[in-house]
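**Student:** Have a look at this one before I ask anything.
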């Protein structure tokens, strides 16, 4: 058996380990499958330190491959399955992947991407049959022994940022390290249980794309602690509630847009939902409107836990529901031994209550951008102290409040305006479902503030939206911060991780229903 499953199987782990839309796999069968995958990766010529990519949905084979790589000394690159062939080619080439695993529905795009790489990349597809020139995996696995493979070596995961504002960056964050002792993984799992509330022998529901850092770690870590992993290919609010009830789900990871969709369900549906099994609902992936968070806590109780993290180095702060109710809008306090440091543009610490650049000191934890040493240096204030690119402030109790991203500023008439501040106010309006704030050129002021808003049309007609929301903003914001132009759209363009797709957002500035100017 593979090392990371040894304790679970010896401890009598039984029942299903993985469940997807096609069926389920128990713990013994999972171990046998992973053993075969380890042998297959080696047979394909992968050695310790090599890299491979996976372009699959939320399915059992995805986690089989991931577990196998983590026992073969191989680095896995999770790939967004929505990408085009040229985008996948970039990731395969940048990561120097030698092998890519996909599933039939993505085989044609992946084959094209692999063939376009300057260095050879072998393409394989799950299932019994070849697709688009990709070699079928199952006949190869069937011919390999299921016995424990010798010489297991810890592998790693190379995550690429979502690239909503530019070319994706590969991040080596050190949570799993090639060649590290497996005892280090045991310590990581113990920490995840003790500090993050990752359940042992529970049931976890994955409804976000596994290729995102939060989704893969909040699925993989519970699995390695003996929790059953139930996977949906995408998020549907009613299907989500049904799965929680059917499988007695104890933990899941959600993003604020999924909270909003759940709250849009009819009151009768929400009242009838059985969510009593939930013990931990982690959420991140963007700012959560205060009223949305409040309603989720009222519905689900104190199980809703917020965190501040990034692909670069994992979770930095935690915020339980009771603390959030006392400090609404905060993303929590630093998890020991982490430290939050707020500095000005010259790198000098600023006092509580003053906004600046948010830096993180993580003891024994660092990261680097793959093939980008200058970006790595730019992200570090000094050794072990780095930034995720956010701005914010600490209150007198040490709670962190985020105000935006470094460089995310509109300069209008020489005055700095931070879009995140305006967005926070807009999201507090009861008729606003989602909002984005940005800047656009202005002949007189250089730039002006623009708001792109999704509203509940039953509560606010888009035709009057600009007038109403501008007046609402003026109650909380200085006049120069109030958006000068408004666009109302049916839905804001967010990717599967909840992040705004900036290139689509820019296109919306010339479309949609105009609500006029303020």
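Numbering (the working numbering), first residue to last: 495 to 1012.
Even glycine gets a Cβ: it sits at the ideal position worked out from N, Cα and C.
Since this is a predicted model, take the numbers as computed values, not measurements.
1) Output the boundary residues of the alpha helix (DSSP H) element that contains residue 777.
2) Identify whether residue 1013 lies in helix, strand or coil by the three-state DSSP scheme.
3) Does the distance from the C-beta atom of residue 747 to that of residue 646 stay below 7 Å?
4) Hey, quick one: how far does the beta strand (DSSP E) through residue 811 stretch, first residue to last?
5) Note down the Cα distance separating residue 792 from residue 815, rounded to an integer number of angstroms.
6) Can you find at least 3 beta carbon pairs, one from the region 584-594 and one from the region 603-616, that sit closer than 8 Å?
7) Which two residues bound the contiguous beta strand (DSSP E) that contains residue 905?
8) Rounded to whole angstroms, what's the CA-CA distance from residue 687 to residue 749? Just pull it up for me.
9) Rounded to whole angstroms, what is the Cα-Cα separation between residue 724 and residue 700?
10) So residue 893 is in the beta strand (DSSP E); what residue range does that whole segment cover?
11) Ordered along the chain, which non-local residues of its own chain (more than five positions away) have a Cβ less than 6 Å from that of residue 674?
12) Once you ignore the five residues that flank residue 913 on each side, which residues in its own chain have a CB closer than 7 Å to its CB?
13) Helix, strand or coil for residue 973? Go by DSSP, reduced to three states.
14) Keeping to the same chain, check which residues put their C-beta closer than 6 Å to that of residue 501; ignore five residues upstream and five downstream.
15) In three-state terms, what does DSSP make of residue 872?
16) To the nearest angstrom, report how far apart residue 702 and residue 777 are at their CA atoms.
17) Buried or exposed for residue 657, please, with buried defined as at least 16 other CB atoms from any protein chain shown within 10 angstroms of its CB.
18) For residue 659, collect the residues of the same chain with a Cβ closer than 7 Å to its Cβ; drop the 5 residues on either side in sequence, then sort them by chain order.
19) Using a Cβ-Cβ cut-off of 6 Å (strictly less than) and excluding sequence neighbours within five positions of residue 600, which residues of its own chain qualify?
20) If you draw a straight line from the alpha carbon of residue 573 to that of residue 671, how long is it in whole angstroms?
21) Curious, which full-length alpha helix (DSSP H) runs of at least 4 residues does the region 552-614 contain?
22) Scan the region 830-877 and note each continuous alpha helix (DSSP H) run of 4 residues or more that stays entirely inside, going in chain order.
23) List the whole-angstrom C-beta distance separating residue 753 from residue 790, where the pair is believed to meet the contact cut-off of C-beta under 8 Å.
24) Please name the residue in 729, 730, 728 and 691 whose C-alpha comes closest to that of residue 711.
25) For residue 637, which three-state DSSP category applies?
26) For residue 739, collect the residues of the same chain with a Cβ closer than 6 Å to its Cβ; drop the 5 residues on either side in sequence, then sort them by chain order.
27) To the nearest angstrom, how far is the alpha carbon of residue 959 from that of residue 880?
28) Let's see if you can read the secondary structure: which residues bound the alpha helix (DSSP H) around residue 802?
29) Alpha carbons only, please: which of 553, 516 and 560 is nearest the one belonging to residue 534?
30) Among 584, 895, 627 and 764, which has the Cα closest to the Cα of residue 828?
31) Check for me: the beta strand (DSSP E) holding residue 520 runs from which residue to which?
32) Among the residues of its own chain, which have a CB less than 6 Å from the CB of residue 831, if the five just before and after it don't count?
33) Measure how close the beta-carbons of residue 525 and residue 568 come, nearest whole angstrom, since I'm counting them as under 8 Å.
34) So what does DSSP say about residue 718, is it helix, strand or coil?
35) Does DSSP classify residue 741 as helix, strand or coil?
36) So residue 794 and residue 759 are in contact, right, with Cβ under 8 Å, and what is the actual spacing, rounded?
**Tutor:** A quick look at the data gives this:
1) No alpha helix (DSSP H) holds residue 777; the beta strand (DSSP E) holding it covers 774-777.
2) Within the shown structure, residues of the chain are numbered from 495 to 1012, placing residue 1013 beyond reach of any answer.
3) no
4) 808-813
5) 10 Å
6) yes
7) 904-906
8) 21 Å
9) 6 Å
10) Taken as a continuous stretch (DSSP letters only), residue 893 belongs to no beta strand (DSSP E), as it is neither H nor E.
11) 648
12) 898, 902, 904, 931 and 932
13) helix
14) none
15) helix
16) 11 Å
17) With a pLDDT of 49 at residue 657, under the threshold of 50, the modelled position of this residue cannot be trusted; read the value that follows with caution. The residue is buried, with at least 16 neighbouring Cβ atoms inside 10 Å.
18) Confidence at residue 659 is low in this model, with a pLDDT of 47, below 50, so its placement is unreliable and no value can be given for it.
19) 549 and 575
20) 19 Å
21) 554-563, 579-589 and 601-609
22) 867-873
23) 5 Å
24) 691
25) coil
26) 768
27) 41 Å
28) Note, residue 802: premise wrong, no alpha helix (DSSP H); beta strand (DSSP E) at 798-804.
29) 560
30) 895
31) 517-520
32) 857
33) That belief does not hold up - the Cβ atoms of residue 525 and residue 568 are roughly 18 Å apart, past 8 Å.
34) helix
35) helix
36) Not confirmed; about 13 Å, so no contact.
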